[in-house]
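K.L.:
Sharing a structure with you now.
Protein chains: 2
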Amino acid sequence: MKKKEPIVLDRSCTKDDELLAAKDTIAILSGKWKLQLITTLSCGGAMQFMDIMRTVDGIGTKMLSKELQDLEINLLVKRTVMETRPVTVKYELTPHGHTLERIINEMRIWGRTHRKEVLGK
Amino acid sequence: MKKKEPIVLDRSCTKDDELLAAKDTIAILSGKWKLQLITTLSCGGAMQFMDIMRTVDGIGTKMLSKELQDLEINLLVKRTVMETRPVTVKYELTPHGHTLERIINEMRIWGRTHRKEVLGK
DNA sequence: GCAGTCAGTTTCCCACAGGAAACCAGGTTC
DNA sequence: GAACCTGGTTTCCTGTGGGAAACTGACTGC
Chain A
0 MKKKEPIVLD RSCTKDDELL AAKDTIAILS GKWKLQLITT LSCGGAMQFM
50 DIMRTVDGIG TKMLSKELQD LEINLLVKRT VMETRPVTVK YELTPHGHTL
100 ERIINEMRIW GRTHRKEVLG K
Chain B
0 MKKKEPIVLD RSCTKDDELL AAKDTIAILS GKWKLQLITT LSCGGAMQFM
50 DIMRTVDGIG TKMLSKELQD LEINLLVKRT VMETRPVTVK YELTPHGHTL
100 ERIINEMRIW GRTHRKEVLG K
């Protein structure tokens, strides 16, 4: 038994609030539908509830409703009730929501290289 | 009832395999401990099982063992049994594991601006 | 008045993620 | 031989994520 100290204790790069910020980002994109919803709205522009249902294959009304509420609370999606007959609701990414596109694209790129690393090689 | 078509059907930006690549990245970083483990190993270098336990506050042996196996299977972490007495095991990020640092840093940055957007403003 | 549309909410259910604690095996120290 | 170290595995339990289906309610068209 030489030393009791952990090999490294450089807390400067594990500052909790810095880790929290990254965790926030993950939390927002975690779950079965978030990524797909954001990318759908990213290229679909403003869409109605039922249009999103038809585009995102397999999602049910409950999850769609809940996920859209989550995104709205996080100011990533704007919900607008349209004065049409019958009443329709428009969902679209906010400018802040659009800033996610960049990071999602980075994830795409890393995901591709990861596939090559794990499968190919 | 004017038209039956969804507002937008530009499938070119929803290509499934592109979405899958991003989902892979999220999957690898999802869960309660993955981010913390990777950042811990990122700045801690090679660490022993018990050192990681002491550094990552709150994690138990079962989760640590399982998460490290996950990371190893994904070629992000290298596990080395050391010929010491008693036998110790060294865990460290692979070069491929280190490529995650860039994207995690992007997540930190986005997370910070997100906090400002949601709280401050 | 009956069927169909849009936009959800509610209920009930199941599977899986994660935690606590016990257990295991090999080795060291006293 | 008792206690403690390393590095785990196994079992049992609970909470949450997510799905299916039924229901609501305002409106339209036939």
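As you go down the protein sequences, you meet chains A and B in turn. Residues 0 to 120, numbered by numbering that gives the first Met the number 0, are exactly what the first sequence covers, in order. Residues 0 to 120, numbered by numbering that gives the first Met the number 0, are exactly what the second sequence covers, in order. For each residue, glycine too, the CB sits at the ideal point set by N, CA and C.
Just to confirm, are S41(B) and E100(B) a CB contact at a threshold of 8 Å?
P.N.:
Within the second sequence, numbered from 1, the residue matching residue 41(B) stands at position 42. Within the second sequence, numbered from 1, the residue matching residue 100(B) stands at position 101. Yes.
K.L.:
What do you get for E4(A), buried or exposed, if any count of 16 or more other CB atoms within 10 angstroms of its CB means buried?
P.N.:
What you label residue 4(A) is simply residue 5 of the first sequence in a count that begins at 1. Reliability fails at E4(A), whose pLDDT of 33 lies under 50, so the model's placement of it is uncertain and the value that follows must be treated cautiously. Its Cβ having fewer than 16 others within 10 Å, E4(A) is exposed.
K.L.:
Using a Cβ-Cβ cutoff of less than 6 Å, which residues in the same chain neighbour Q35(B) once the five nearest sequence positions on both sides are dropped?
P.N.:
Counting from one through the second sequence, the residue named residue 35(B) turns up at place 36. Result list for Q35(B): V55, in chain order.
K.L.:
Does R10(B) pass the burial test, meaning 16 or more other C-beta atoms within 10 Å, or should it be called exposed?
P.N.:
Here residue 10(B) corresponds to residue number 11 of the second sequence, with the count starting at 1. Confidence at R10(B) is low in this model, with a pLDDT of 46, below 50, so its placement is unreliable and the value that follows should be read with caution. Answer is exposed; the Cβ neighbour count stays below 16.
K.L.:
What does H97(B) touch in chain A if you count any residue whose Cβ is under 7 Å from its own?
P.N.:
The residue you call residue 97(B) lines up with position 98 of the second sequence. Those do not exist, as H97(B) stays about 12 Å from chain A at its closest Cβ, beyond 7 Å.
K.L.:
Would you say W32(A) lies against chain B (beta-carbon separation less than 8 Å)?
P.N.:
As a first step, residue 32(A) is located in the first sequence; it is residue number 33 there, counting from the start. Cβ-Cβ to chain B under 8 Å: no for W32(A).
K.L.:
Taking the Cβ atom as the reference point for each residue, do M106(A) and I25(B) lie within a distance shorter than 8 Å?
P.N.:
Locating residue 106(A) in the first sequence gives position 107, counting from the first residue. Locating residue 25(B) in the second sequence gives position 26, counting from the first residue. In contact: M106(A) and I25(B) (Cβ atoms closer than 8 Å).
K.L.:
Measure the C-alpha to C-alpha separation of M52(B) and L63(B) and round it to an integer number of angstroms.
P.N.:
On the second sequence, position 53 is the one that residue 52(B) refers to. On the second sequence, position 64 is the one that residue 63(B) refers to. Answer to the nearest angstrom: the Cα atoms are 7 Å apart.
K.L.:
Count the other CB atoms within 10 Å of the CB of K61(B); is the residue buried (16 or more) or exposed (fewer)?
P.N.:
Working through the second sequence from its first residue, we reach residue 61(B) at position 62. Looking at its Cβ environment, which holds fewer than 16 other Cβ atoms inside 10 Å, K61(B) is exposed.
K.L.:
Taking only beta-carbon positions, decide if I58(A) is within less than 8 Å of chain B.
P.N.:
Indexing the first sequence from 1 puts residue 58(A) at position 59. For I58(A), the answer is no, since every Cβ of chain B falls outside 8 Å of its Cβ.
K.L.:
Any Cβ of chain B within less than 8 Å of the Cβ of R111(A)?
P.N.:
Reading the first sequence from its first residue, position 112 is the one you call residue 111(A). Taking Cβ atoms only, chain B reaches closer than 8 Å to R111(A), which makes this a yes.
K.L.:
Between which residues of its own chain and K89(B) is the CB-CB distance below 6 Å, once the five residues before and five after are set aside?
P.N.:
Looking up residue 89(B) in the second sequence gives position 90. Contacts found: A45, T79, M81.
K.L.:
On the premise that L74(B) lies in contact with T98(B), defined as a C-beta separation below 8 Å, what is that separation, rounded to the nearest angstrom?
P.N.:
Numbered from 1 along the second sequence, position 99 holds the residue referred to as residue 98(B). Numbered from 1 along the second sequence, position 75 holds the residue referred to as residue 74(B). Actually they do not touch by this definition, with Cβ atoms about 11 Å apart.
K.L.:
Residues of chain B with CB under 7 Å from R107(A), in chain order?
P.N.:
Counted from its first residue, the first sequence places residue 107(A) at position 108. Correct list: E17, A20, A21.
K.L.:
Helix, strand or coil, according to DSSP, for R84(A) in the structure here?
P.N.:
Counted from its first residue, the first sequence places residue 84(A) at position 85. Coil at R84(A), not helix or strand.
K.L.:
How is the alpha helix (DSSP H) around T60(A) delimited, first residue to last?
P.N.:
Counting from one through the first sequence, the residue named residue 60(A) turns up at place 61. 60 to 72 is the span of the alpha helix (DSSP H), which, as asked, contains T60(A).
K.L.:
Going by DSSP, what residue range makes up the alpha helix (DSSP H) through V55(A)?
P.N.:
Residue mapping note: residue 55(A) aligns to position 56 of the first sequence, counting from 1. It is not in any alpha helix (DSSP H) - V55(A) carries neither H nor E in the DSSP assignment.
K.L.:
Can you find the residues in the same chain that come closer than 7 Å, C-beta to C-beta, to I58(A), ignoring five residues on each side of it along the sequence?
P.N.:
Here the question's residue 58(A) lines up with position 59 in the first sequence. Closer than 7 Å at Cβ, skipping near neighbours: W32, M52.
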